[in-house]
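Colleague:
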Amino acid sequence: MRYFSIAGLATILFFGSGCSGSQVGTDRISDPAVVAVIDGTPLSIAEFERHYTKTVGTRVDAADDSLAAYQDFLERWVDFRLKVRSAREAGLDKDSALVAELGGYRQQFARPFLLDKEVVDPLIRAMYDKQQQMVDASHILLRLDQTASPQDTLKVYNRMSAIRDSIVAGADFGETAVRNSEDPSASNAAGGAGYRGRLGHIRGGRLVPEFEDVAFSIPIGQLSHIFRTQFGYHILVVHGRAPAINDIRIAHIMVTPGSPSDSAAAWAEVTMLRDSLSAGADFAALAKAYSDDAGSAQNGGDLGFVTIDGRLLPAIKDAAFALASIGDVSEPVLTPYGIHLVKLLERREPPTLDDSYEDIRRRLSRTGAMDQEEEKYARSVLSDVGHSVDTTAVMTIFGSMSADSAASAIARGALVETGGTLPVVSIADDSYSASDLAGWAMTASVAPSDNAGDYGLGIADAFLVQKAIDYKVSMLESENDEFRQTMADFADGLLLFRVMEDAVWSRATADSTELMRRYNLNPERFRHPDRTRLLGFYSRERSLADSVVTLLKASKNVSQIADSFADTAGTRVRLDTTFVAGPTNSVFDRATELEKGEYTTPLSYNRGFIVIMNDGVEPARTKTFEEARTEIVNEYQSELETTLVSDLRSRYRVRTFPARLVRAFEADRLPVGS
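The opening residue of the sequence shown carries number 30 in the numbering used here; numbering runs sequentially from there.
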């Protein structure tokens, strides 16, 4: 089968369905909104705009193009529609091979399309929107292993419940966090992010989804409910939310007192540096000369990009993000490490949704959020369309076995035949038997259970989740205009391919008699110009390329050199001949100006090395038939396509009105001078 991506398909077709509509009268032909008529059916300028936009991206992009580009597209678009229409009238759309190919493409494309639209895109959009916000929150954590027993889980939950009750009763959140939170930063006497539970401003997308769902949803100032993440149980309170602050790039100069008694001297040095900067001194030069931060001093104090919720010292972070303009320098900042001057070097522009899309997608995939959202979507489908499970039948089949024996029977396929054909589960109007469930479970991963009955019900539940997605996939054409049009576009592309293959490409390639006749009419039309013959000795190993140069210097015969490397263990030298008629913008241009017999040094080429020898000029000559065959085929194909289009335009009484395209995309054009 041939499979095309939509992007690849767009290179050979112009999007559109077959012609449709009522016959057109003279009044419609004179309508300035009609840009073409095919067999009496008008094509409007609005329809032209829709299809043209699909080939260039957006209406804004389309509006920037020229009238000549519109007119060229109109003619090719009409030609495309004619070819597709003729294929449908010939019944090619009913051809079993084409129908099977279209079905294969649908099977490959439909499920990802549905999940992208219903699950992935909304999830990524929500995460992107969240990344544009910051939340200032405090939390208390009680750690709990994800595999903890029910008894241990209840114990930790009850403890958190008591902590929450004390805060509701008036206990100070920060003091309670210091005494009880199992986040180590909560009781860190040195302060910083996390102390007394205060996480500070955190940008969306930086924390686990369960935590962010609560932090970005509860009212400011309200104590949250108890919730669980992979780390354990939490409660939190939100102090505020604000638009996210973009990352900045900063530099600093740090002066560290040698001892407590040197503090005054250090402050005096920083004051001197601040005065020098105010007088126009170069910050980077002063950092190299005076900064005691050895790691950044050699780079002019450059600390790179920092984030508002990063691990930068709070005092430096506050000073840095308070700087208003690029080039501004802070007042002296005191930290446990010394006295600092901070300079703002650059602000990073926030990424667009398109820029962030793949990064967010990878992050969500790692967290399992997509799988969770897919299951949530599937369960919403089950709720909407209706479903049922015959619990008695499932328990009858599985209840007589142990969980291990049931899993073993499924893995062997033993339950496929013994499960029976009576309906066990249903979704909408579709029913499935126990044999269907057992067959599906052979290749699916269903969580184990302590008893076979629960295991069987788990299989039925997981099966329904899968079938809910399949059900929506089967309904795509009737429920989603974009998918329906995509499939129509792909069908048209296959029809176009078939028409061109049958009437043009294969016909020209297979007609050897006609190709030879065209060649014999005037062989001199097909000529090679003067060409430089280049001999290239290629190897992955530099040492072998050096050996080639040594042998060439010794005036060894070219064939002798090739033969001498024929049995080299592990790697070889390959000899190729290349004919060059002019500049190629490649490594071979290095040898075209050499005299015959001269050669290059080893040059980097194709993840290896090549030595190129100029073997002289081959004079211009007439090509043989085989050498000219590709040109002749292309010429013949072009003539066949011209004839095909001419016949179709005559058959379907085509008229086009390219001058009317001056009005295309009028509403999308920027005013002159803007």
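Glycine residues also receive a C-beta, built at the ideal position from the N, C-alpha and C atoms.
(1) Any idea if T472 is buried or exposed, counting beta-carbon neighbours within 10 angstroms, 16 or more meaning buried?
(2) Would F260 and L183 be called neighbours here (beta carbons separated by less than 8 Å)?
(3) As an exercise, report each continuous beta strand (DSSP E) stretch of at least 3 residues that is fully enclosed by the region 50 to 123, in chain order.
(4) Looking only at C-alpha atoms, which of D592, F694, V148 sits nearest to S409?
(5) Using the beta-carbon count (16 or more within 10 Å), is A65 buried or exposed?
(6) Tell me the rounded alpha-carbon separation between V358 and E211.
(7) Locate the alpha helix (DSSP H) running through K582, then write down its first and last residues.
(8) Tell me the DSSP secondary structure of L42 in three-state form.
(9) Would you mind working out which of K83, Q327, E104, Y461 sits nearest M283, comparing C-alpha positions?
(10) Looking at L493 and I153, is the spacing between their C-beta atoms short of 8 Å?
(11) Which ranges does the alpha helix (DSSP H) cover as unbroken runs of at least 4 residues, wholly within the region 398 to 450, from first to last along the chain?
(12) Unbroken alpha helix (DSSP H) runs of length 4 or more, entirely within the region 637 to 700: which are they?
(13) How is L252 classed by DSSP in three states: helix, strand or coil?
(14) Which of the three DSSP states, helix, strand or coil, is assigned to Q160?
(15) For P379, which three-state DSSP category applies?
(16) Whole angstroms is fine: what's the gap from A688's alpha carbon to G611's?
(17) How far does the alpha helix (DSSP H) with T561 in it extend, from its first residue to its last?
(18) Measure the alpha-carbon distance for Q136 versus A62 and round it to whole angstroms.
(19) Buried or exposed: F694, going by 16 or more other Cβ atoms within 10 Å of its Cβ?
(20) Taking the alpha carbon of R441 as the reference point, which residue from A467, T425, M430, Y461 has its own alpha carbon closest?
(21) Just curious, the alpha helix (DSSP H) that Y603 is in, first and last residue?
(22) How long is the line joining the alpha carbons of R554 and A532, rounded to whole angstroms?
(23) Which full runs of the alpha helix (DSSP H) of 4+ residues lie inside the region 455 to 480, going along the chain?
(24) Consult DSSP for I498 and reduce its assignment to one of helix, strand or coil.
(25) Could you pull out every residue in the same chain whose Cβ sits closer than 8 Å to the Cβ of A323, ignoring the five residues on either side in sequence?
(26) Output yes or no for whether 8 Å exceeds the beta carbon distance between V266 and G250.
(27) Quick one: what's got a C-beta closer than 6 Å to L236's C-beta in the same chain, skipping five residues either side?
(28) State the DSSP-derived secondary structure class of Y3, mapped to helix, strand or coil.
(29) Leaving out five residues on either side along the sequence, give the residues of the same chain with a beta carbon under 7 Å from the beta carbon of A457.
(30) Straight-line CA distance for Y628 to R636?
(31) Out of curiosity, what's the CA-to-CA distance linking L131 and M504?
(32) Can you tell which of I277, S325, K112 has the C-alpha that lies nearest to the C-alpha of R377?
(33) Assuming V577 contacts V609 under a Cβ cut-off of 8 Å, what Cβ separation, rounded to an integer in Å, is found between them?
(34) For P365, list the residues DSSP reports as bridge partners.
(35) Taking the beta strand (DSSP E) that V284 belongs to, which residues open and close that run?
(36) For S307 and L370, what's the separation of their Cα atoms in angstroms?
Modeller: So, from the data block:
(1) As a first step, residue 472 is located in the sequence shown; it is residue number 443 there, counting from the start. Result: exposed.
(2) By 1-based counting over the sequence shown, the position of residue 260 is 231. By 1-based counting over the sequence shown, the position of residue 183 is 154. Contact: no.
(3) 63 to 67, 70 to 73
(4) Working through the sequence shown from its first residue, we reach residue 409 at position 380. Among D592, F694, V148, the Cα nearest to that of S409 is on V148.
(5) Taking the sequence shown and counting its residues from 1, one reaches residue 65 at position 36. Classified as buried, A65 has 16 or more neighbouring CB atoms from the shown chains inside 10 Å of its CB.
(6) Mapped onto the sequence shown, residue 358 falls at position 329. Mapped onto the sequence shown, residue 211 falls at position 182. Each residue's alpha carbon lies about 39 Å from the other.
(7) Your numbering for residue 582 matches position 553 in the sequence shown. Taken as a continuous stretch (DSSP letters only), the alpha helix (DSSP H) holding K582 covers 571 to 582.
(8) For this step, residue 42 is matched to residue 13 along the sequence shown. At L42 the pLDDT is 41, less than 50, meaning the model places this residue with poor confidence; the figure from the coordinates comes in the next sentence. Note: L42 maps to coil in three-state DSSP.
(9) If you number the sequence shown from 1, residue 283 lands on position 254. With distances taken between Cα atoms, M283 lies closest to Q327.
(10) As a working mapping, residue 153 is identified with position 124 in the sequence shown. As a working mapping, residue 493 is identified with position 464 in the sequence shown. Not in contact: I153 and L493 (Cβ atoms no closer than 8 Å).
(11) 398 to 414, 420 to 427, 432 to 441, 443 to 447
(12) 654 to 680
(13) Along the sequence shown, one-based indexing puts residue 252 at 223. L252: strand per DSSP, three-state reduction.
(14) Position 131 of the sequence shown, counted from the start, is the residue given in the question as residue 160. Note: Q160 maps to helix in three-state DSSP.
(15) For the purposes of this step, residue 379 is taken as the residue at position 350 of the sequence shown. In the structure shown, P379 sits in coil (DSSP, three-state: anything other than H, G, I, E or B).
(16) Locating residue 688 in the sequence shown gives position 659, counting from the first residue. Locating residue 611 in the sequence shown gives position 582, counting from the first residue. Their Cα atoms are separated by approximately 42 Å.
(17) By one-based count along the sequence shown, residue 561 stands at place 532. Looking at the DSSP string, T561 is not in any alpha helix (DSSP H); the run it does join, the beta strand (DSSP E), is 560 to 568.
(18) Along the sequence shown, one-based indexing puts residue 136 at 107. Along the sequence shown, one-based indexing puts residue 62 at 33. Roughly 39 Å separates the two Cα atoms.
(19) By one-based count along the sequence shown, residue 694 stands at place 665. Looking at its Cβ environment, which holds 16 or more other Cβ atoms inside 10 Å, F694 is buried.
(20) Within the sequence shown, numbered from 1, the residue matching residue 441 stands at position 412. The shortest Cα separation from R441 among A467, T425, M430, Y461 belongs to A467.
(21) Start at 1 with the first residue of the sequence shown, and residue 603 comes out as number 574. Residue identity differs from the one stated: residue 603 is Arg in this sequence, not Tyr. Here R603 belongs to no alpha helix (DSSP H); instead the beta strand (DSSP E) covers 603 to 609.
(22) Taking the first residue of the sequence shown as position 1, residue 554 is located at position 525. Taking the first residue of the sequence shown as position 1, residue 532 is located at position 503. Roughly 26 Å separates the two Cα atoms.
(23) 463 to 470
(24) Reading the sequence shown from its first residue, position 469 is the one you call residue 498. In the structure shown, the three-state DSSP call for I498 is helix.
(25) Stepping through the sequence shown from its first residue, residue 323 is reached at position 294. Taken in chain order, the list of residues that qualify is empty.
(26) What you label residue 266 is simply residue 237 of the sequence shown in a count that begins at 1. What you label residue 250 is simply residue 221 of the sequence shown in a count that begins at 1. For the pair V266 and G250, the CB atoms are nearer than the 8 Å cut-off.
(27) Counting from 1 along the sequence shown, the entry for residue 236 is found at position 207. So the list is empty, once near-sequence residues are dropped.
(28) Lying outside 30 to 703, the shown extent of the chain, residue 3 is not represented and no answer is given.
(29) Mapped onto the sequence shown, residue 457 falls at position 428. Once the five neighbours on either side are set aside, the close Cβ partners of A457 are V414, G415, Y500.
(30) As a first step, residue 628 must be located in the sequence shown, where it is residue number 599. As a first step, residue 636 must be located in the sequence shown, where it is residue number 607. Taking the straight line joining both Cα atoms gives about 20 Å.
(31) For the purposes of this step, residue 131 is taken as the residue at position 102 of the sequence shown. For the purposes of this step, residue 504 is taken as the residue at position 475 of the sequence shown. In a straight line, the C-alpha of L131 is about 16 Å away from that of M504.
(32) Here residue 377 is taken as the residue at index 348 of the sequence shown, counted from 1. Of the listed residues, the one whose Cα sits closest to R377 is I277.
(33) By one-based count along the sequence shown, residue 577 stands at place 548. By one-based count along the sequence shown, residue 609 stands at place 580. About 20 Å separates the two Cβ atoms, so there is no contact after all.
(34) The residue labelled residue 365 in the question sits at position 336 within the sequence shown. Under DSSP, P365 takes part in no beta bridge, so it has no partner.
(35) Counting from one through the sequence shown, the residue named residue 284 turns up at place 255. For V284, the enclosing beta strand (DSSP E) covers residues 277 to 284.
(36) Taking the first residue of the sequence shown as position 1, residue 307 is located at position 278. Taking the first residue of the sequence shown as position 1, residue 370 is located at position 341. Spanning the two alpha carbons is a distance of roughly 12 Å.
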